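What follows is a single structure, written as structure tokens, with notes after it.
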Amino acid sequence: MGTKWTEEQELAIKTRKCNLLVAAAAGSGKTAVLVERIIKMITEGENPVDIDKLLVVTFTNAAASEMRERIGDAISKALEKDPSSEVLQRQLALLNRASITTMHSFCLEVIKNNFHLIDLDPGFRIGDQTECELIKQDILADLFEDMYAKDDECFKDLVEAYGGSKSDDNLNSIILKFYNFIMSGPWPESWLKDKVEEFNINSIEELEGKKWIEVLKESIILDLNNAYSMLTQARDIAEMGGGLEPYLVNIYPEIIQVEELRIALSEGIVKFYNKLMGASFGRLKSVRKASVDDERALEKTKSLRDESKKIIENLRDNVFETSLEEAVLGMKKMYPLMKCLSGLIIEFSNRYRDKKREKDILDFNDLEHLCLEILIDKDEDGNIKPSQVALEFKDKFEEVLVDEYQDSNTIQETIVGMVSRRDVENPNVFMVGDVKQSIYKFRQANPELFLEKYINYREFEDSNRKIMLYKNFRSREEIINGVNYIFKTLMSNTVGELEYDEKEALNLGASYGELNEENVEKEYIDEIENLKVAGDIELNILNKAGNKDYSNEDELGEEEEDLDSIQLEARIIGKKIKELMNPEDGSHYMVFDKDLGKYRKIKYKDIVILLRATKNWAETFVDELGTYGIPVYADTGTGYFQTIEIRTILALLHIIDNPMQDIYILSALRSPIFSFTSEEFADLRLLNRDKYFFEIIKEVVDGTYDESISKDLKGKCKYFLDYLNKWREKAAYMPIDEFIWFLYSDTSYYGYVGTMPNGVQRQANLRILFQRAKQYESTSFKGLFNFINFINKLKKSSGDMGSAKILGENENVVRIMSIHKSKGLEFPVVILGGTGKQFNKMDLREDILLHETLGIGTNCIDVKKRIKYDTLQKHAIKKKCELEVLSEEMRILYVAFTRAKEKLIITGAVSDLEKSCENWCKASASSEDNRINPGNVLKGKSYLDWIGMALTKHKDGDAIRNIGNGDITLNLDDKSNWSFKSFDRSELLEANNNKKEKNNIDIFESNNWIESKKDIKEVIEIRDRLGFKYKYIESCNTPSNISVTELKRAHQDEEFMQESYNIIDNESSEENKKEKIKRKPRFMEERQEEFSAAKKGTITHFVMQHIDLDKVTYIDEIREEVLKMVKKELLTEEEGKVVNVFKIQKFFKSELGQRMLSSYKSGKKVYRELPFITEIPSSIIEKNLDSKIYGEEKVRLQGIIDAFFEEEDGYVLLDYKTDYVKEGEEEAFINKYKIQINLYKDTLNKILGEEVKEAYLYSFYLEKELKI
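If you count the sequence shown from 1, you need to add 1 to reach this note's numbering.
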């Protein structure tokens, strides 16, 4: 019996003679439809199409192979029914000639058949990616050398503006970034020149009509609408009475003001700017809490009004930080630099192209561009038209079918247009995909190509037609309902680039059937009542509050993940997996097995853990889940170069190439190949402290040190030297791949690692290195030295490689993978982890942003004055890129949700659950209807923020609403079911300790192996010895010296800390400690594009310590002081640039700053950054210590006091803080540091011999002092 197709699928299979876009949602069977369409075309009708007359373009080689295989199977099955069919026999014979291929493979075929048209040597090959990267680096080095030789002023300004502090690496990266970006378009050089010319602007009037101005206006209207919505909500609450009427005096005119701004924007950017500069929000009328009926209504009204005020102030102070005249002037000023940069990029491109021609190699960009060169001609007016080759393809291909169309880029779209009849009579392009699953923007995929057709194509008979497949045949109804609820609530044209409405919603297509005796495995028939399937979608949140300071969490980068919370989240997942595998109530969780046609008990292989990115996460998850006894596998794509077997062989290769490398020679000697000991290394070093180890070893073998070393050590040295000489001789003439295999054999190392734990994996890793060497031998580089460079470049460009994959597809393990790798796959149970991880927007912080449509967004850089600020164009491009980043994140979340067939479990971590729930409820309350408005969705910093916002409107979201005090209109129509659970850090830590105790079974509890009383006596003696505890064990955990921060970490019980001594974190000393540990020597430091909030705080403290107090009145004086610190190399150039001189001036202009300066100028004492050491009782550190035994013991406590100064009647203590502080939460901020300041006061009282009269915090964020 054949497949039963839906009406829409039938249409997608049979519709002909038009351009057809099939919008196929997740799980809608698009691949099956595509295969069936091809089968019908080549086998049915009066004139079936030969399969080699079709061009089928797939996204990956694996997809192309699968497509070819499925078509072949279908033809073979048809032949079984009708063996005499000549049509089927012909199609099967033609199958190997069919163009079922990726775009790159198709381009390669076009080039091979038409190489003569582009003057290309037919012996060309595709260059290895690493080989091409090495060539690029060589060309850049030569290019910069030539430019420096020319002594070009504009080039020197470019280097000054964008080069690194110690090298040109940053400018190199910019050139490569530009090159890779423009090569994804069809006309790279003309695009670059056109976009650079946009900087050549002379008047404000020229701004109007620019594409980026229109985008900027779209962004502004989104902000204005958000502000207007919040003000009208505030008005509505205030108009209800209850004592809030005074607020209306402000709110009414402010609503009118925002509306006038919207009108002005519609009339042009100039009118809007002028109106914006005149906009103001007066001081909100005072309303006493005691005089209102509902205090929550008061707070909500005030909050809504203040949020709208911030939106307008942000537009005025940040987006339009310069006037329009200055904006035009800034762009004009950057024109020469951009022109110089574009010239460098074009010159680099030309040299790179010539070098590849010289070496007869092509890269993947060449495939598309050379193919396009073959396919196009130009008419007399310079207009592009199809070439003769393209016209032949148009005649040849009856249809061009493009799979995963949402992931096409512009150049691929152009190529398809050239070989198809898309824009002429008899249109013949079939495109299938799902724009909601377009997640490859980093590969320059352009979802707008799909969206443009999706909007313009019609659902009825037309030359351009669309068919929508939204019936999902993968997932249970529980999953379908959950997906639809979340994305109807969140996804919009603004965030997601598509309105997720009833038309876009998934429709149930899968039939799982009820669990009964007829469709369950035999062994479970008698336990029907005790079996479970599906269930609610689960949201599990780790609440990190109370144990760590997360105030600067926004600044965390990829390398700064909170390892502790990752481990704890892994424990939540471990608990969930154990519950699925062995529920505590004795039931069994079942999944439906299509192959068996019935339900069976869940297996580990049915479960996948999906992560946005596996870096810093997967390894921790593997380790933690392993402690639960859960078999787990993660293809992290990293760790290869860190394996001991690869490090050992690479060390050997390094010393064979150049033995004067001590680190590598010690690594090789310490390996099992030579088995030198640490003591032997020490003996060799003591022979000569100055020479390289290789030189010492040669002298040992020559007999120079016979009286000083043992014969055994001399013998080892001779053994090593003999082998090294032999290898160096062979490396000179053997191909690298053969030489590496010879090394494996000659050292027996390949066999040795096979006997180690994970030996099969280790041998597979060595084989990968051999294959890499084989690849290298096919490149234009030769020799061991270049191979080592090749591997080093591979490390840098790829970061690392994954270990060899030896896991079978049917291995019964839980798999961990990225969401990207899961695309196209499906799993019975999906655990979506790490949803609290913040979106990565680091790319938006770069000096230069690129956008295919909007062009180049750069800072305005004044090299001579050494200042820079964002141009208006960069603001626009940054906002557009941010929208595109968040839209892609929304689509990635959709992909993750739609991988689940039967069960979806979500986990994530928040810094403070109460605060998160409050924010989610606030976003929901200020959104109308059943959706979260796009402005609030944009405020979300993680998937968990989005999910949390959505669930505040759900009937099952009571827990979130209760925690967040949300008064929200619910979406009562939704059918999805959700369950919510939160986990505290302490709860998980305690559970883990109990788990470990349970797992560490005391073998002495089991006496079945004891045969006599003598055995019992010995057992007791052994147990007593192993169980011995040192009487004063508590004191072993007490350090003799501790910083304030370490003391804080030693106590998780805040009340105990306060009772003991009133101590809290020491911001300054901790940051200084971090600097001592982490900071590189200055000569090794590279340009740092961005600094964390903590790092900026350290820099601010440093400037406040060293600035000349005679030169702090004017901005220019402070700026000059910072420049002096840079010149003296007290600060790096980049550190100097992040110093906020305006905030420093604000401090010295404040009352407290003036008091400090007055003391200084009158000759009184002013101290800055005073380190101290004091003593505290040891019982403060360990609260369980017996005070009778340890009461007299002391511990040294150290820290640094930011500043204190003398006045006539005593001393004033001052502590600087650069933390983020929410307005209105000053009291909580003071309480956070009050105990720390009390400690400082006690210390100063001891040092000075008199009482400190006053103590202050100065908040650089709030720009005001706070008295303790």
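No residue lacks a Cβ here, since even glycine has one placed at the ideal position from N, Cα and C. Predicted model only: the values in this text are computed from it and were never measured.
- Ranking Asp120, Asp147, Ile542 and Val58 by CA distance to the CA of Met104 puts Val58 first.
- The alpha-carbon separation between Pro187 and Asp367 amounts to approximately 11 Å.
- Non-local C-beta neighbours of Val250 in its own chain, meaning closer than 8 Å and more than five positions away in sequence, comprise Lys286, ordered along the chain.
- Inter-residue distance for Glu132 and Ile737 is about 15 Å (C-alpha atoms, whole angstroms).
- Using a Cβ-Cβ distance cut-off of 8 Å, the segment 891–898 and the segment 479–498 are in contact, since at least three pairs of beta carbons, one from each stretch, lie closer than that value.
- Inclusion of Leu193 and Ile183 in the CB contact set at 7 Å is warranted, their separation being smaller than that value.
- Arg317 places its beta carbon less than 7 Å from that of Leu277.
- Here Ala619 carries a helix assignment [DSSP, helix/strand/coil].
- The three-state secondary structure of Met757, taken from DSSP, is coil.
- A residue is called buried when at least 16 other Cβ atoms come within 10 angstroms of its Cβ; Gly434 meets this threshold and is buried.
- Under the criterion of beta carbons closer than 8 Å, Lys1150 and Tyr1212 do not qualify as touching, at roughly 22 Å.
- Taking 3 residues as the minimum length, the beta strand (DSSP E) runs contained wholly in the segment 857–901 are 868–871, in order along the chain.
- Distance from the CA of Lys1096 to the CA of Asp1111, rounded to the nearest whole angstrom, comes to 26 Å.
- Distance between Phe694 and Val1113, taken at the CA atoms: about 55 Å.
- In the displayed model, Gln662 falls within coil according to three-state DSSP, outside both helix and strand.
- Non-local beta-carbon contacts of Met432 in its own chain, meaning distances under 6 Å to residues more than five positions away in sequence, involve Leu22, Val403 and Tyr406 in chain order.
- When the Cα atoms are used, Asp607 and Asp624 turn out to be separated by approximately 20 Å.
- Linking Glu87 to Arg98 through their CA atoms gives a straight-line distance of about 17 Å.
- Here Leu569 carries a helix assignment [DSSP, helix/strand/coil].
- Residue pairing of Met278 in beta bridges, as defined by DSSP: absent, with no partner found.
- Contact check for Val430 against Leu452 fails: the beta carbons are separated by 7 Å or more.
- By the criterion of at least three beta-carbon pairs nearer than 8 Å, the segment 207–220 is not in contact with the segment 256–264.
- Here Leu770 has Ile647, Ile650 and Ile741 as same chain residues with Cβ atoms under 7 Å from its own Cβ, once five neighbours each way along the sequence are excluded.
- Spanning the alpha carbons of Lys1223 and Ile961 requires a straight line of approximately 22 Å.
- By the Cβ rule, the segment 1202–1221 counts as touching the segment 1163–1173, because three or more pairs are nearer than 8 Å.
- The DSSP-derived three-state label of Phe1205 is strand.
- Cβ neighbours of Phe125 within its own chain (closer than 6 Å, five residues either side excluded): Asp361 and Leu363.
- Cβ-Cβ separation between Leu516 and Tyr600: approximately 6 Å, consistent with a contact (criterion under 8 Å).
- DSSP places Arg601 inside the beta strand (DSSP E), whose first and last residues are Lys599 to Lys602.
- For Lys904, the secondary structure class from DSSP, reduced to helix, strand or coil, is strand.
- Under the three-state reduction of DSSP output, Gly128 falls in the coil class, being neither helix nor strand.
- Taking a contact as a CB-CB distance under 8 Å, the pair Ile907 and Leu833 counts as one, their CB atoms being some 5 Å apart.
- Per DSSP, Thr103 is one residue of the beta strand (DSSP E) stretching across Ser100 to Thr103.
- The residue among Phe677, Glu580 and Met757 with its C-alpha nearest the C-alpha of Phe721 is Phe677.
- For Lys956, there is no enclosing alpha helix (DSSP H), since its DSSP letter is neither H nor E.
- DSSP, reduced to helix, strand and coil, places Leu516 outside both helices and strands of the structure shown, so it counts as coil.
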